[in-house]
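Asks: Numbering that gives the first Met the number 0 numbers the first residue of the sequence shown as 0 and each following residue consecutively.
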Amino acid sequence: MANQLIEQLQNVMPEGMQIPEEIKLLYKYIEENGLYKDINGFRYGFLYPEDELKESWSETERDGGTDITFYPGGTENLKYWFGKEHNELEQRLCVFAQTGGDGSESAFWLTEQGKIKIIHMGSGSGSLLSCVLADNAVDFLRLLAIGYDEICWDEDFPFPPNENPDRDMTINPNLKFQNWVKQTFHVEIPKTALEIIKYPACMDDESSEDEFFNWIQKYI
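(1) Alpha carbon to alpha carbon, how far is R61 from L34?
(2) Report the residue from F212, W108, T68, M16 whose alpha carbon sits nearest the alpha carbon of I38.
(3) Could you check the C-alpha separation between N2 and E205 for me, to the nearest Å?
(4) Tell me whether the region 96-113 and the region 140-160 touch, counting them as touching only if at least three CB pairs, one residue from each stretch, are closer than 8 Å.
(5) Could you check how far apart the C-beta atoms of Y218 and F81 are, in whole angstroms? I think they sit under 8 Å.
(6) Kindly give me the distance between the Cβ atoms of F156 and L193, rounded to whole angstroms, as I take these residues to be in contact under 8 Å.
(7) DSSP state of A200, grouped into three classes?
(8) I'd like to know whether the C-beta atoms of L52 and G63 end up nearer to each other than 7 Å.
(9) Nearest-angstrom Cα distance between E89 and Q182?
(10) Given this structure, state the Cα-to-Cα distance separating S124 from Q9, to the nearest angstrom.
(11) Which residue comes first and which comes last in the beta strand (DSSP E) that contains V131?
(12) Thinking C-beta only, is D209 closer than 7 Å to V131?
(13) Quick check on the DSSP output: what are the complete beta strand (DSSP E) runs of length 3 or more inside the region 71-134, in order along the chain?
(14) Assign F69 to one of three DSSP states: helix, strand, or coil.
(15) Cutting at 7 Å between CB atoms, please list the residues of its own chain near R91, excluding the five before and the five after it.
(16) May I ask you to list the residues that DSSP assigns as paired with R42?
(17) Is the CB-CB distance between P19 and I118 below 7 Å?
(18) Could you work out which residue in Q177, K36, L77, E49 is closest to C93 when comparing CA atoms only?
(19) Could you pull the start and end residues of the alpha helix (DSSP H) that V11 belongs to?
(20) Taking the alpha-carbon positions, what's the I196 to D153 distance?
(21) With 16 other CB atoms within 10 Å as the buried threshold, where does G44 fall?
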């Protein structure tokens with residue numbers, strides 16, 4: 000049976016860019032577990048039942064682990080993030096997820112070496128995080144499994160989930176997803192995001208060792 004999430008993403012990916020196999024497995028997991036919603040002909044995927052997450056939400060806690068939405072963003076809105084259109088951007092980037100309620104997004108980035116990495120593009124109105132999130136798709140899934148509220152807030156990254164003293168909300172873990180990641184890819188879940196994100200650069204930083212941050216400087 001065809002997987003709509005995979006088909007949608009394939010339809011918007013730039014020529015020469017391929018969906019990582021691990022993301023295809025994720026999308027199969029999402030559809031097999033009914034973790035999606037169809038709106039206006041598009042399918043949006045989640046890591047936890049959206050209705051259960053909303054029902055569990057109180058002033059102090061919620062269930063569901065990391066809240067993220069997978070959708071076929073493609074290259075359509077890159078011109079708004081960068082403030083202009085550029086052919087190279089549309090050949091090297093493909094948005095596939097919304098990482099925060101502020102509008103932050105995650106995208107596949109085709110490096111000059113021909114490798115696919117997963118990067119973050121902060122909304123600018125909330126998150127400013129603009130860097131490589133993971134060097135490969137497995138590490139991206141491990142990052143999601145840690146269980147932060149959202150993966151767009153770099154101030155949380157030095158801490159395990161729920162241990163940032165500036166956060167009041169407790170995020171209960173998504174144990175089913177954590178177990179799927181561990182069993183499917185034979186990996187362990189890190190304690191903090193900084194075990195995966197090497198250089199959590201922000202768009203207003205003067206400099207960074209992050210390669211995506213440095214690559215985008217000629218476009219912004």
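Glycine is no exception: its CB is placed at the ideal position from the N, C-alpha and C atoms. Keep in mind the model is a prediction, meaning the values are calculated, not measured.
Replies: Once the coordinates are examined:
(1) 17 Å
(2) Out of F212, W108, T68, M16, T68 has the C-alpha closest to the C-alpha of I38.
(3) 42 Å
(4) By the Cβ rule, the region 96-113 counts as touching the region 140-160, because three or more pairs are nearer than 8 Å.
(5) Confirmed, Cβ separation roughly 5 Å.
(6) 5 Å
(7) Here A200 sits in coil by DSSP.
(8) yes
(9) Here the C-alpha atom of E89 lies approximately 35 Å from the C-alpha atom of Q182.
(10) 29 Å
(11) 129-133
(12) yes
(13) Listed in chain order, they are 92-97, 104-109, 115-120, 129-133.
(14) strand
(15) W108, L109
(16) D37
(17) no
(18) Closest by alpha carbon: L77.
(19) 3-11
(20) If I take the Cα positions, the gap works out to 10 Å.
(21) buried
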